[in-house]
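Colleague:
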Amino acid sequence: MAKVISFINYKGGVGKTTTTFHIGCALAMFEPKKKVLLIDADPQTNLTFLCCDFKSWEHRVKVNGSLETVYSAYLDQKTSPLEDIIWKKPMARPELSNVDLVPSTIELLDIDLRLQSKTHAATTIREVAQTHLDQRSILLNAIKEIADQYDYVLIDCPPNLYLATQNALYASDGYLVTLMPDHFSTVGVTFLDRKVRQLLKERNLAEQIVDPNSEGARRLPSYLCFVKVNVTAGRQQIVAREQMAIVRGMPNFKDKCFDTHTEDYKDIREATTEQLPVFLNSSGSQNDVLYRRMAEEFREKLG
1 MAKVISFINY KGGVGKTTTT FHIGCALAMF EPKKKVLLID ADPQTNLTFL CCDFKSWEHR
61 VKVNGSLETV YSAYLDQKTS PLEDIIWKKP MARPELSNVD LVPSTIELLD IDLRLQSKTH
121 AATTIREVAQ THLDQRSILL NAIKEIADQY DYVLIDCPPN LYLATQNALY ASDGYLVTLM
181 PDHFSTVGVT FLDRKVRQLL KERNLAEQIV DPNSEGARRL PSYLCFVKVN VTAGRQQIVA
241 REQMAIVRGM PNFKDKCFDT HTEDYKDIRE ATTEQLPVFL NSSGSQNDVL YRRMAEEFRE
301 KLG
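Under this note's numbering, think of the first position of the sequence shown as 1, with each following residue one higher.
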């Protein structure tokens, strides 16, 4: 049965997609090799285009659909098995043959509004609670059908905590926050942690309203990893190390931070331009080593 992990942050540009991609590829490439499904839940489709070119994506989505197809089927009270949407081996490299993809499209942009429109049909407290759970369990139910085919399902979430991200969290066994060590991220991670805790409390409450005999409160393991750390000598490097130390010293995070961080080198930018993980484009480079270590730590903490 697959271990399902969401990669989240309410900010963009914090290395979330790049980290999802590299950890997924590392899990599939290096011993013990694992079968990995990447799910692109972000309408920006960046993870999708790390795995394929535009022309291939356009044809594939037209014929087989995308993640948005799953949500549209729910809204239309139909079924659209995730199995039919999964893109087997989207990357041509034999080293990445263990990686599959659920692609995204821009149509995911308005999925929150479309899902919220169904809330108005509920009248009793129990119906409201059931609708709350149903709207956030769409991805969970879809993944259940294919979970035995994979070792890991990694979900790249949009930079917010709206319904698409909540669906990912409901489907997950844990989540990983990618964080750049600057002042705004340090402040924001506390808010993010508090908000996710609130969402999970709302889930537990809704479950108890629907079924008073439900198993009760559940917690979702969470971790943080620092990415794109500035290693240029000078003030920026000092600030980065200070901010990492601050987060690692916070009571809520001191046991949750990865020891490994990635650094702001050009090897990552060059690799993503080539639609390859750094392991295949810049073997032996600094971030090649660091992402291998991060994937190992991921296995230990979340796998």
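Where a beta carbon is used, it is the ideal one built from N, C-alpha and C, also for glycine. Bear in mind the structure is a predicted one, so any value in this text is a computation, not a measurement.
Can you tell me whether A92 is buried or exposed, with buried defined as 16 or more other CB within 10 angstroms of its CB?
Modeller: Result: exposed.
Colleague: So who's on the other strand from K3, going by DSSP bridges?
Modeller: For K3, which the question treats as bridged, DSSP gives the partners Y152.
Colleague: Keeping to the same chain, check which residues put their C-beta closer than 8 Å to that of L199; ignore five residues upstream and five downstream.
Modeller: Excluding positions up to five away in sequence, the list reads L161, Q166, L169.
Colleague: Which residue wins for smallest C-alpha separation from C257, given the options G188, R248, I155?
Modeller: Closest option to C257, Cα to Cα, is R248.
Colleague: For R218, is the classification buried or exposed, using 16 other Cβ atoms within 10 angstroms of its Cβ as the cut-off for buried?
Modeller: Burial call: exposed.
Colleague: For F49, which option in Y74, T18, L290, L75 has the closest C-alpha, if you only look at C-alpha atoms?
Modeller: If we check each option's Cα against that of F49, T18 comes out closest.
Colleague: DSSP three-state call for I238: helix, strand or coil?
Modeller: Correct three-state label for I238: helix.
Colleague: Hey, could you find the ends of the alpha helix (DSSP H) V63 is sitting in?
Modeller: Counting along the chain, the alpha helix (DSSP H) containing V63 begins and ends at 54-64.
Colleague: Rounded to whole angstroms, what is the Cα-Cα separation between S117 and P90?
Modeller: Going by the C-alpha atoms only, they are around 34 Å apart.
Colleague: Give the straight-line distance between the Cα atoms of T131 and C157, rounded to the nearest whole angstrom.
Modeller: About 22 Å.
Colleague: So K3 packs on Y152, CB below 8 Å; how close in whole Å?
Modeller: At roughly 5 Å, the Cβ-Cβ gap stays under 8 Å, so K3 and Y152 are in contact.
Colleague: Put E145 into one of helix, strand or coil per three-state DSSP.
Modeller: In the structure shown, E145 sits in coil (DSSP, three-state: anything other than H, G, I, E or B).
Colleague: Put E274 into one of helix, strand or coil per three-state DSSP.
Modeller: Reduced to three states, the DSSP call for E274 is coil.
Colleague: As an exercise, report each continuous beta strand (DSSP E) stretch of at least 3 residues that is fully enclosed by the region 181-218, in chain order.
Modeller: For the region 181-218, not a single whole beta strand (DSSP E) run of length 3 or above is found.
Colleague: Assuming contact is defined by CB atoms lying nearer than 7 Å, are G24 and L154 in contact in what I supplied?
Modeller: A contact, by the Cβ cut-off of 7 Å.
Colleague: Hey, would you say K16 sits closer than 7 Å to T178, going by beta carbons?
Modeller: In contact: K16 and T178 (Cβ atoms closer than 7 Å).
Colleague: Just to check my reading of the structure: T262 and Y291 have Cβ atoms closer than 8 Å, yes? What is that Cβ distance to the nearest angstrom?
Modeller: So it is a contact: roughly 6 Å between Cβ atoms.
Colleague: Which same chain residues end up closer than 7 Å to D193 when comparing Cβ atoms and leaving out the 5 residues on each side of it in sequence?
Modeller: Cβ neighbours of D193 beyond the five flanking positions: N252.
Colleague: In the DSSP output, what is F258 paired with across the bridge?
Modeller: None; F258 has no bridge partner.
Colleague: So is S214 buried or exposed if we call it buried at 16+ other beta carbons inside 10 Å?
Modeller: Exposed, by the Cβ-count rule.
Colleague: With respect to the alpha helix (DSSP H) encompassing L163, which residues constitute its N-terminal and C-terminal limits?
Modeller: Residues 163-171.
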